[in-house]
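For reference, the structure discussed in these notes is given below.
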Amino acid sequence: MSLNRPCAIVLAALAALAGAATAAPADAQRPAAQPAAAATDARTEATPAAQSDPGTYGFDPVHTRVLFALSHAGFSQAIGTVSGAAGTLRFDPADWRGARLDVQVPLTRLELGDGKWNKAALARNLLDGKRWPNARFVSERIEPAAGDPKRFQVCGTLSLHGVDGPLCLQVRFNQLKRHPLPPFHRTAGFSATGTLSRAAFGIDAWKSVIGDEVELRIEAEAVRDKYVGDSPKGADAAGADAAPDSRSDSVPDSVRPDPAPPTPANAQPEPEPSR
């Protein structure tokens, strides 16, 4: 009995060692556990999307201005500005395709740098400022530019001089943030360009002196929940009344055609050149 007991103990020990050796390869095949931090680092972080924040913005009449330029008899580009615009912009920075724009520009605030020029431009046979004191643009579609999230083409209808016509503007969205000065309103800023034919809107007088193509540049600031529902800051249309027709004496000399020089009473006909 004393010999059998030690043998049993030795056999049991050998069996335990054999079992451990058999299990070792299976354990070796198991993948090592990854630390939680490493698993987190391996995740791909998504780029944050623009925050959805739909709102209604009104145009600041002081910091919204339309600049226009057109040929002056081919010598230069006559440049003018119009301030005092009013209108509403509804948009969500996360989805510009649903934006809506409706803005009016008071033509009676037109400024060409000369009183006679201003009156001539507002006369009956040009802008007819007394009858049509405002221009209006209403957007119909907005198309984001490829590769630039801040650029858009805004197309809609321009109502000018009693005529409705298509107009597309190339717009850059400058920024949207709280204004740095009190009362710190949330403000959106834009720059836009476009061109139009004045003849397409029935403004076709003085073709030999005033160009047909009008270049537009617009700088605009719209303030959230302010100026909404305001009317255009139009000037007194007396300027238009004072110049009912641009053939009047109020027309600048640079627009009025040169009159034919008077013929002296004792003028003799020029002799024919000898042949």
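According to mature numbering (1 follows the signal peptide of the UniProt record, and there is no 0), the stretch in the sequence shown is residues -23 to -1, 1 to 252, in order. The beta carbon of each residue, even a glycine, is placed where N, CA and C say it ideally should be.
Check                                                                                                     : Outcome
Nearest residue (CA-CA) to residue 129, options 138, 137 and 117                                          : 117
Cβ neighbour criterion (16 or more within 10 Å) applied to residue 140                                    : exposed
6 Å CB neighbourhood of residue 137 in its chain, flanking five on each side removed                      : 112 and 178
Member of 165, 151 and 48 whose CA lies at the smallest distance from the CA of residue 125               : 151
Residue from 173, 202, 183 and 82 whose Cα sits closest to the Cα of residue 132                          : 173
Euclidean distance between Cα positions of residue 120 and residue 168                                    : 16 Å
Range covered by the alpha helix (DSSP H) that runs through residue 154                                   : Unbroken run through residue 154 is the beta strand (DSSP E), 140 to 155; no alpha helix (DSSP H).
Bridge partner(s) assigned by DSSP for residue 121                                                        : 129
Distance between residue 149 and residue 67 (C-alpha atoms, nearest Å)                                    : 16 Å
Enclosing alpha helix (DSSP H) for residue 94 [first to last residue]                                     : 92 to 98
Three or more C-beta pairs below 8 Å linking the stretch 193 to 211 and the stretch 29 to 48              : yes
Contained beta strand (DSSP E) runs [length at least 3] in the stretch 152 to 190, N- to C-terminal order : 163 to 174
CB contact flag (residue 61, residue 38, <8 Å)                                                            : yes
Host beta strand (DSSP E) of residue 208 (start-end)                                                      : It is not in any beta strand (DSSP E) - residue 208 carries neither H nor E in the DSSP assignment.
Cβ shell of residue 154 (< 8 Å), same chain only, five flanking positions each side left out              : 163 and 164
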